[in-house]
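Numbering (the working numbering), first residue to last: 144 to 571.
Taking it in order: structure first as structure tokens, then the write-up.
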């Protein structure tokens, strides 16, 4: 059996699995080996569960009729996905960026659904495993596919581009995140713009936010389609309501879009979806309706009214740039009783102390008299900011906050996923 035969068997199968707990009869199972796990130890279990084919590095199954032996299961998945990509007639849109890429992906999906059939990355399956799995889920009936691409080290976006081969690309923004893996902010810029360079080398176009000076400069030498405040004559209707509401204009007609997204910082994400859908022939009224219907999930800019308090749940991830815009937006809310609860920002490496101190200075500059900071990185500065509460972890924070009996308050919950700030939502 060769790679082409593996691909044909996948096309005729009941889908692909990388977890024995999700295998259904007829599926193809890829056994991966990671730093802390080795699925190659579960090949027989996968077969017993009904897998029609197992791709494995386990030499004990080298001659098994229902197994394909390889020295690198991940590379095999990527090669198969690349083969599938060559057969697709769908328009592939690659999306990356420091902040907002998952939200923007979902907004683009909603907006383009008014034009045709759309597939998009599920959740945040945006890495070297998730992108191939996304591609393999695209079928002949798909008109558009939005492929999210994440990275935490140089060269990763380039790898994903060579698998997905996007026709168009969009970078939401570039900020200070994953500095430990990238080495510096310059490393972040170089890696994120690997998408631009791939598109330029393959004669396609990128969608660029005309209000982002950095992206405008980085894309100035290549074919591009602009979107933004000027192109759509867009503006925020009011910042008194936590949900973003905006008006925009197309060919002399003004449209009103009331979203379920929290924060004016989501406006560029909304305008990206509008601009892209309009480019592909979407009707403005349909686009606006679709965007108004979209409801965020997975702790991304979620507004939750608990009856006792109003929560802004934005705890899926955090980095210096997203933390700054979230705090500035939170400070602008027209309510007197506000409590920011922030968790450490991870993967900052040698920049960690500097960036956590900056966040505390932002809190002070925005006149927050009370705040809760969680994690060892923030806690290093507890003596310098005595008016704020510091806790080493969410468990201690939860105990203290439960005793406080907080009510009638707007609460911002934001931090890196690994800190688990979202676990505090139930006490409000």
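Cβ coordinates follow ideal geometry from the N, Cα and C atoms, glycine included.
Selected residue, minimal CA-CA separation from residue i, among the options
| i | options | result |
| --- | --- | --- |
| residue 287 | 257, 301, 176, 293 | 257 |
| residue 352 | 566, 369, 477 | 369 |
| residue 261 | 181, 268, 252 | 252 |
| residue 422 | 367, 408, 528 | 367 |
| residue 144 | 394, 448, 211, 326 | 211 |
| residue 267 | 519, 443, 553 | 443 |
| residue 342 | 326, 325, 361 | 361 |
| residue 488 | 474, 519, 472, 473 | 519 |
| residue 214 | 225, 201, 223, 224 | 201 |
| residue 172 | 480, 181, 196, 155 | 196 |
| residue 299 | 284, 404, 330, 479 | 330 |
| residue 552 | 493, 473, 284, 303 | 473 |
| residue 555 | 147, 314, 389, 461 | 461 |
| residue 322 | 404, 307, 296, 358 | 296 |
| residue 107 | 310, 316, 374, 234 | Residue 107 lies beyond the range of the chain shown here (144 to 571); nothing can be said about it. |
| residue 537 | 550, 566, 396 | 566 |
Beta-carbon contacts of residue i that lie in its chain and below 8 Å, excluding the five residues immediately before and after
| i | result |
| --- | --- |
| residue 272 | 161, 175, 217, 220 |
| residue 409 | 243, 246, 387, 402, 444 |
Neighbourhood of residue i by C-beta distance below 7 Å, restricted to the same chain and skipping five residues each side
| i | result |
| --- | --- |
| residue 470 | 483, 505, 506, 509 |
| residue 259 | 286, 287 |
| residue 570 | 541, 544, 545 |
| residue 525 | 533 |
| residue 500 | 524 |
Distance between residue j and residue i (C-alpha atoms, nearest Å)
| i | j | result |
| --- | --- | --- |
| residue 282 | residue 150 | 14 Å |
| residue 412 | residue 247 | 5 Å |
| residue 490 | residue 207 | 42 Å |
| residue 209 | residue 289 | 33 Å |
| residue 502 | residue 467 | 7 Å |
| residue 513 | residue 530 | 6 Å |
| residue 249 | residue 186 | 35 Å |
| residue 168 | residue 291 | 29 Å |
| residue 376 | residue 392 | 6 Å |
| residue 301 | residue 456 | 32 Å |
| residue 523 | residue 557 | 19 Å |
| residue 347 | residue 325 | 27 Å |
| residue 492 | residue 327 | 10 Å |
| residue 317 | residue 418 | 20 Å |
Residues near residue i in its chain [Cβ-Cβ closer than 6 Å; skip 5 each side]
| i | result |
| --- | --- |
| residue 372 | 354 |
| residue 293 | 269, 270 |
| residue 431 | 398, 400 |
| residue 463 | 319, 498 |
Environment of residue i [buried if 16+ CB atoms lie within 10 Å]
| i | result |
| --- | --- |
| residue 433 | buried |
| residue 203 | exposed |
| residue 453 | buried |
| residue 319 | buried |
| residue 426 | exposed |
| residue 194 | buried |
| residue 402 | buried |
| residue 274 | buried |
| residue 448 | exposed |
| residue 481 | buried |
| residue 182 | buried |
| residue 495 | buried |
Within-8 Å CB hit, residue i to chain C
| i | result |
| --- | --- |
| residue 509 | Within the model displayed, chain C is absent; a lone protein chain is all it includes. |
Would the segment 539 to 552 and the segment 432 to 446 be scored as touching if the rule is three or more Cβ pairs under 8 Å? The segment 539 to 552, when compared against the segment 432 to 446, does not touch it at the 8 Å Cβ threshold.
The segment 324 to 339 touching the segment 235 to 246, judged by at least three CB pairs closer than 8 Å: Three or more beta-carbon pairs separated by less than 8 Å link the segment 324 to 339 to the segment 235 to 246, which places the two stretches in contact.
Stretch-stretch touch, CB-based, cutoff 8 Å, three pairs: the segment 227 to 235 with the segment 176 to 191: No, because fewer than three Cβ pairs between the segment 227 to 235 and the segment 176 to 191 fall closer than 8 Å, the two stretches do not touch.
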